[in-house]
Ligand code: MLT
Ligand code: MN
Ligand code: ZN
């Protein structure tokens, strides 16, 4: 399987349109630092078979930016879009509205995510006059058979009941926020994609130990970053994102794993958006890296 990284930024992207923080100002001065909202295209065994992991507000530019994802010669339109969702956050789902020119969109998600997108965001109501939406249940990891999408086995590992702000009053459910597990049955290799990690669990630890590649929540470098930079009164973990650094951060839990590990979903406040920040070297010493825009991972 091949993972094509379509974007690596948290909600708002880098730069964020209404922000002049050091990270956003740096990205305006140095366009190579710009990051689109985090998402992936995952290619299966057969050429031309792929699915999207999340559909970001940048999705049209992200597809256009990858020659392999543009409609091929002799083909007027990309006929079918397949999207698997980690959660119902706006930065991971608003792209579905931009895909309305598709003849058909197939969407896999967990039950609470489906409810949020259909009963709160009204995606079926709004998109039905434009395209055909087909919703599929995304199986939970370890509970029955995974879904087969583009020839790959896909399931959702429940991470937390973190609900999007627009659905904060919905009931709790363990699969509001999930990690996608993708396994290639032909090679036995697997990848785990978790852009919103609120807490570390034993099942997550097991899945990370078994994975060949992990793309993990790198929203905030440290626990106090949201408060220090003035974007929130809450801490990083209070916002549903375990910090990278510090006691209880993800770096200390990840530095001995065998998988290739890349941090993604970087917020514009994260010092790592500056490629010269010393934290890059410190993480590299632990075998951890920050995902690059348009990076490819072959597994
Ligand atoms: C998140 O990743 O926590 C959300 O996208 C934040 C938000 O925009 O509400
Ligand atoms: Mn987000
Ligand atoms: Zn900013």
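Numbering (our numbering), first residue to last: 6 to 304. Beta carbons are placed, not taken as given, at the ideal position from N, Cα and C, and that holds for glycine. Because the structure is a prediction, the values reported are computed rather than measured.
Query                                                                                                             : Result
Proximity test, residue 170 beta-carbon vs the ligand MLT heavy atom, cut-off 7 Å                                 : yes
Residue 153, buried or exposed, once every other Cβ within 10 Å from all chains shown has been counted against 16 : exposed
Residue 97 vs residue 104 beta-carbon contact at 8 Å                                                              : no
Within the region 88-172, ranges of the alpha helix (DSSP H) (whole runs, at least 4 residues)                    : 95-98, 100-103, 116-120, 128-132
Exposed unless 16 or more other CB atoms sit within 10 angstroms - verdict on residue 23                          : exposed
For residue 107 and residue 81, the rounded distance between their alpha carbons                                  : 11 Å
Strand pairing of residue 278, partner residues [DSSP]                                                            : Its beta-bridge partners do not exist; DSSP assigns none.
Coarse secondary structure for residue 44, derived from DSSP in three states                                      : strand
Rounded C-alpha distance that separates residue 294 from residue 133                                              : 41 Å
Residues proximal to the ligand ZN by C-beta, any heavy atom closer than 7 Å                                      : 20, 21, 24, 25, 26, 28, 29, 273, 274
Residue 12 - containing beta strand (DSSP E), residue span                                                        : 7-12
C-alpha gap between residue 202 and residue 292, whole angstroms                                                  : 20 Å
Delimiting residues of the alpha helix (DSSP H) encompassing residue 220                                          : That residue, residue 220, is in no alpha helix (DSSP H); its beta strand (DSSP E) goes 218-222.
Straight-line Cα distance separating residue 109 from residue 20                                                  : 32 Å
Heavy atom of the ligand MLT within 7 Å of residue 142 beta-carbon                                                : no
Supposed close pair residue 129, residue 123 - CB separation, criterion 8 Å                                       : 5 Å
Segment contact flag, the region 199-218 with the region 248-263, C-beta cutoff 8 Å, min 3 pairs                  : yes
Coarse secondary structure for residue 206, derived from DSSP in three states                                     : coil
Buried versus exposed call for residue 9 [16 or more other C-beta atoms within 10 Å across all chains shown]      : buried
Neighbourhood of residue 40 by C-beta, 8 Å cutoff - its chain only, sequence neighbours within 5 removed          : 12, 13, 14, 18, 19, 32, 271, 278, 298
Stretch-stretch touch, CB-based, cutoff 8 Å, three pairs: the region 156-163 with the region 216-232              : no
Residue 67, enclosing alpha helix (DSSP H) - first and last residue                                               : 64-69
Residue span of the alpha helix (DSSP H) that contains residue 294, given as start and end                        : It is not in any alpha helix (DSSP H) - residue 294 instead sits in the beta strand (DSSP E) that spans 293-295.
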